[in-house]
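Under our numbering, the letters of the sequence shown match residues 11 to 257, in that order.
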Amino acid sequence: MCNKKRISAAILLALLPVVSFAGTMTGGATMPEQLVQEITAIQSQMTQAQQLVQQVQQYENMVQNMTTLPQNMYSQITAPIGQLYGIAQQTQQLGYAGQNIAGQFQNLNGTFNPQITAQYSQQYGTITSGLNNSINNALQTANLNPSNFMTQQSAMQQVQSAMQNPTSRNSILQAGVSVGQAEVSDLAQLEQTAVAEQNMNAAWKKAQLTKQNMNQQMNENVAKNALSGGPLTSNAPSLSAYSLSGY
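Below you can see the structure in the form of structure tokens.
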């Protein structure tokens, strides 16, 4: 099961309501369906993050030489920044969901190698914690203090305050771009891990089905030969060899 401990900067930077992905992992979906839903959600978030990074970069180029920011641009600029920071929490949830899916697969398939499950869970955890480190680094590089982003309210206050002068405005925009780029990288790693897990699960299931079919066929052959008096194995003599007519 995943570790529900919250990561400081990623959750703290969530400026917009976060869409929970818990529903995509429930609703009676089978294990293969859960992985498909996980991968689809990852891809959707990655596309959105890429688009938001481009928007913030455009605003960064547009306002970097402006001494005063026009009032009508405040909401235009803060909206994509807020969405980028919100994606940080959503990305974390996808990482936790990947860990949960790996654990569920192990629980449903007790003969599966638990070491492989542990490796996937660890990989999901490493990717998720790596995003947190990248966000902290992005804030510090932009001369922003991560401790000032401890809540949604304080984070929004920091962004609004940063819009008041060119220096802090450029810093918050640079941080937004860096955070978005880190999210894209993190999501790409999550996608790669989830696809590898999907392929591995499918291959293992196929091998188990092949083994089951072979055992079933072998049992049917044994029963058929026993009833027909044929050899039970390729080296066994026919039952007729032991009949009284042979003497």
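We put the CB at the ideal spot given by N, CA and C, even for glycine. These numbers were taken from a predicted model, which means no experiment stands behind them.
In terms of alpha-carbon separation, which member of the options lies closest to residue i?
i: MET83; options: GLN170, GLN114, VAL187, ASN225; result: GLN170
i: ALA112; options: MET224, GLN167, MET210; result: MET210
i: THR136; options: THR121, PRO156, ASP196; result: ASP196
i: THR57; options: THR220, LEU94, LEU154; result: LEU94
i: ILE87; options: THR220, VAL205, ALA204, ARG179; result: ARG179
i: GLY105; options: GLY92, ASN119, LEU45, ALA217; result: LEU45
i: GLY108; options: GLU43, ILE91, GLN81; result: GLU43
i: GLN99; options: GLN125, GLN74, LEU141; result: LEU141
i: GLN81; options: GLY190, MET224, ASN175, ALA217; result: ASN175
i: ILE145; options: ILE97, ASN110, MET224, MET76; result: ILE97
i: GLY271; options: ASN147, LYS221, LYS215, ASN223; result: Coverage of the chain is limited to positions 11 through 257, which leaves residue 271 absent and any answer about it impossible.
Do the CB positions of residue i and residue j come within less than 7 Å of each other?
i: SER131; j: ALA152; result: no
i: MET173; j: LEU79; result: yes
i: ALA59; j: GLU193; result: yes
i: LEU200; j: ILE52; result: yes
DSSP on residue i, reduced to helix/strand/coil?
i: GLY186; result: helix
i: ALA198; result: helix
i: THR138; result: helix
i: PHE122; result: coil
i: PRO90; result: helix
i: THR40; result: coil
Do you know offhand how far residue i's Cα is from residue j's?
i: ALA213; j: ASN71; result: 49 Å
i: TYR134; j: GLN102; result: 10 Å
i: SER116; j: GLN168; result: The sequence shown places Gln at residue 116, rather than the Ser named in the question. Whole-angstrom Cα-Cα distance: 44 Å.
i: SER188; j: VAL63; result: 8 Å
i: THR138; j: ASN158; result: 21 Å
i: GLN129; j: GLN202; result: 14 Å
i: THR40; j: GLN55; result: 22 Å
i: SER85; j: GLN114; result: 43 Å
Is the beta carbon of residue i within less than 6 Å of some heavy atom of the ligand ATP?
i: ILE91; result: As presented, the structure is devoid of all ligands, the ligand ATP included, so that no description of it is given.
Near residue i, which residues of its chain fall below 8 Å by C-beta distance, leaving aside the five closest residues on each side in sequence?
i: VAL205; result: ILE49
i: PRO124; result: GLN116
i: GLN150; result: PRO156
Among residues of its own chain, excluding the 5 on either side of residue i, which ones have a beta-carbon nearer than 7 Å to its beta-carbon?
i: GLN61; result: none
i: GLN218; result: none
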